[in-house]
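Just so we're aligned, residue 11 is where the sequence shown starts under the numbering used here, counting upward by one.
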Amino acid sequence: MLIGIPRETRNGETRVAATPETVKKLAASGKHSIVVERGAGLASSIPDADYATAGATLATAAEALVADIVLKVRAPDASELAQVKRGAMLIGLLDPYDAAGVAAIVASGADAYALERLPRISRAQSMDVLSSQANIAGYKAVIMAANEYGKFMPMLMTAAGTVKAARVLVMGVGVAGLQAIATAKRLGAVIEASDVRPSVKDQVESLGGKWVDVPYETDEEREIAEGTGGYARPMPASWMARQSSIIAERVKQMDIVITTALIPGRPAPKLINAETVAAMKPGAVIVDLAVEQGGNVEGSVAGEVVVVNGVHIIGTTNLPALVAADASALYARNVLNFLALSLNAKTGEFAIPADDEIVKATRLAAA
Ligand code: NAD
């Protein structure tokens, strides 16, 4: 088998789907050839020579794209897709909620697997790219907020007087939110956090944050809040209105707000409206991690930092790509673990287990 790793071509995408560590494992059986496009790892600080030492052959994009198994970070564009062979196994973050993109991939004849669709079962945890990358996004969101914020994060007592600790609110306490809380805590901030899922309260408190409760008034609200399959569901309007007024009060007190709330395949829920932003302190910073899905914050703009009444709203997209080396290392391990369902790295045997629930959930097929 030929396993190809092309360089990512999407604007701002610095990650790569295999690292020398994973290439070495893929090459271990001696039965497969690994072809890495020259320069594929450079944006993640991986020189070509390291891939060669690990056992890969360096080649052109075309040579990597015609492999039997193509490992990608992002969905291939039309010209890349045209080069992928019919029947080739294509693995990556393939945007399974983009109907036109999925149709193009399916029409290409590639046997494609969208890692966003991994089921949240314990066996799939080592392959869970959304979690590995959300963890990085949560960390980087705090670092970016600290950079944009014109004050200290920790409380300081100096000869020139005392500096107050920054107050940080994290909305949406999934993987990214938990890492944001942990990172802000390490920087010395005072943290509050909120989510639809009441089960997260203990996790927030164990990280030293204060839980902001939005109470339920009906059984329906309580049931929807538990989500399905590890993912949130859209909450009823009554709960969203209650959340909005409780959060508006908290947000006014905050120096930094980080929002991470997502619902797979749907627009991100709006958590903070323009009126609430307008009531914030000048110099306050908001990081909207959901900006690519439409945003949790009214006024956030994808790819930009906008300043509204002195409040800085960071809408930078693809934060994991800004921590490229670690993001690639974790992503590549996730991909290797996913591929291990079909490819035994030691013996080199290859067979896709079509009935495996992880394979079934991720495989893209015609709608
Ligand atoms: P996510 O990125 O889909 O969403 C982020 C957070 O936003 C979630 O906590 C969600 O509840 C919250 N949210 C959604 N709508 C909201 C609203 N209107 N208001 C406030 N918050 C809202 O979530 P995620 O980070 O991918 O993970 C969600 C959970 O799944 C986590 O508890 C995580 O630990 C768990 N998980 C389990 C597995 C596994 O068992 N294999 C793998 C990954 C994650």
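All C-beta atoms, glycine included, are put in the ideal place defined by N, C-alpha and C.
Considering only the beta carbon of each residue, do Gly275 and Asp298 sit closer than 8 Å?
At a Cβ-Cβ threshold of 8 Å, Gly275 and Asp298 do not count as neighbours.
Just checking Arg207 against the ligand NAD - is the residue's beta carbon closer than 7 Å to any of the ligand's heavy atoms?
The answer is yes for Arg207.
Among the residues of its own chain, which have a CB less than 8 Å from the CB of Leu75, if the five just before and after it don't count?
If we look at Leu75 and ignore the five residues flanking it on each side, its Cβ neighbours are Gly14, Pro16, Pro86, Glu90, Gln93 and Val94.
Take Ile79 as the anchor and find which of Leu346, Asp365, Gly219 and Asp366 has the nearest alpha-carbon.
Ranking the options by Cα distance to Ile79, first place goes to Leu346.
Residue span of the beta strand (DSSP E) that contains Met290, given as start and end:
Counting along the chain, Met290 falls outside any beta strand (DSSP E), and DSSP gives it neither H nor E.
Using a Cβ distance threshold of 8 Å, determine whether the segment 276-291 contacts the segment 220-236, with at least three qualifying pairs required.
Output reads no: the segment 220-236 does not touch the segment 276-291.
Pick from Ala342, Phe360, Asp336 and Ile296: whose alpha carbon is nearest that of Glu158?
Distances from the alpha-carbon of Glu158 to those of Ala342, Phe360, Asp336 and Ile296 put Ile296 closest.
Give a yes or no on whether the C-beta atoms belonging to Ser39 and Ala355 are separated by under 8 Å.
Taking 8 Å as the Cβ cut-off, Ser39 and Ala355 qualify as a contacting pair.
Report, in whole angstroms, the separation of the C-beta atoms of Ala337 and Asn306, which I expect to be a contact under 8 Å.
Not really, about 22 Å apart at Cβ, beyond 8 Å.
Check whether the Cβ of Ser136 lies closer than 7 Å to any heavy atom of the ligand NAD, and answer yes or no.
No - the ligand NAD has no heavy atom lying nearer than 7 Å to the Cβ of Ser136.
Evaluate Met245 with the Cβ neighbour count: other Cβ atoms within 10 Å of its Cβ, from every protein chain shown; 16 or more gives buried, anything less gives exposed.
With 16 or more Cβ atoms within 10 Å of its Cβ, Met245 is classed as buried.
The ligand NAD and Leu281: does the residue's C-beta get closer than 7 Å to at least one heavy atom of that ligand?
Checking every heavy atom of the ligand NAD against the Cβ of Leu281, one is found closer than 7 Å.
Determine which residues share a DSSP beta bridge with Met167 and list them.
Thr172.
Cβ pair Arg127, Pro106 closer than 8 Å
Pro106 sits close to Arg127, with the two beta carbons spaced by under 8 Å.
With burial defined as no fewer than 16 other Cβ atoms inside 10 Å of the residue's Cβ, what is the status of Glu202: buried or exposed?
Glu202 comes out buried.
Determine the direct distance from the alpha carbon of Gly119 to that of Asn145, and round the result to whole angstroms.
Straight-line Cα distance between these residues: approximately 33 Å.
Select from Gln189, Lys34 and Gln303 the residue whose C-alpha is nearest the C-alpha of Ser216.
Nearest option by C-alpha distance: Gln189.
With which residues is His322 paired in a DSSP beta bridge?
According to DSSP, His322 bridges with Val295 and Val317.
So Ala331 packs on Gly22, CB below 8 Å; how close in whole Å?
Rounded to the nearest angstrom, the Cβ distance from Ala331 to Gly22 is 6 Å, consistent with a contact under 8 Å.
On the DSSP bridge list, what partners appear for Val200?
Note: Val200 sits in a beta bridge opposite Arg177.
Inter-residue CB distance, Ile268 and Val180 (contact presumed, cutoff 8 Å):
A Cβ-Cβ distance of about 5 Å is found for the pair Ile268 and Val180, placing them in contact under the 8 Å criterion.
Spatially closest choice to Ala384 from Ala59, Ser55, Pro208 and Gln213, by CA coordinates
The shown model of the chain, from 11 to 377, leaves out residue 384, and the question about it has no answer.
Under three-state DSSP, which class holds Ile273?
Note: Ile273 maps to coil in three-state DSSP.
On the DSSP bridge assignment, give the partners of Ile429 in chain order.
Nothing can be reported for residue 429: it is not among the residues displayed for the chain, which extend from 11 to 377.
Quick check on DSSP: helix, strand or coil for Asp212?
DSSP places Asp212 in the helix class (H, G or I) of the three-state scheme.
Pro3: buried (16+ other C-beta within 10 angstroms of its C-beta) or exposed?
Outside the displayed span of the chain (11 to 377) sits residue 3, for which this structure offers no information.
Have a look at Tyr61, Trp249 and Thr70 and flag the residue whose alpha-carbon is nearest the alpha-carbon of Leu281.
Selected option, being the one with the closest Cα: Trp249.
Considering just the uninterrupted stretch of the beta strand (DSSP E) at Met11, what are its terminal residues?
Annotation for Met11: no beta strand (DSSP E) segment contains it, and DSSP assigns it neither H nor E.
Taking the C-alpha atoms as reference points, what is the distance between Ala151 and Lys41?
Roughly 42 Å between the two C-alpha positions.
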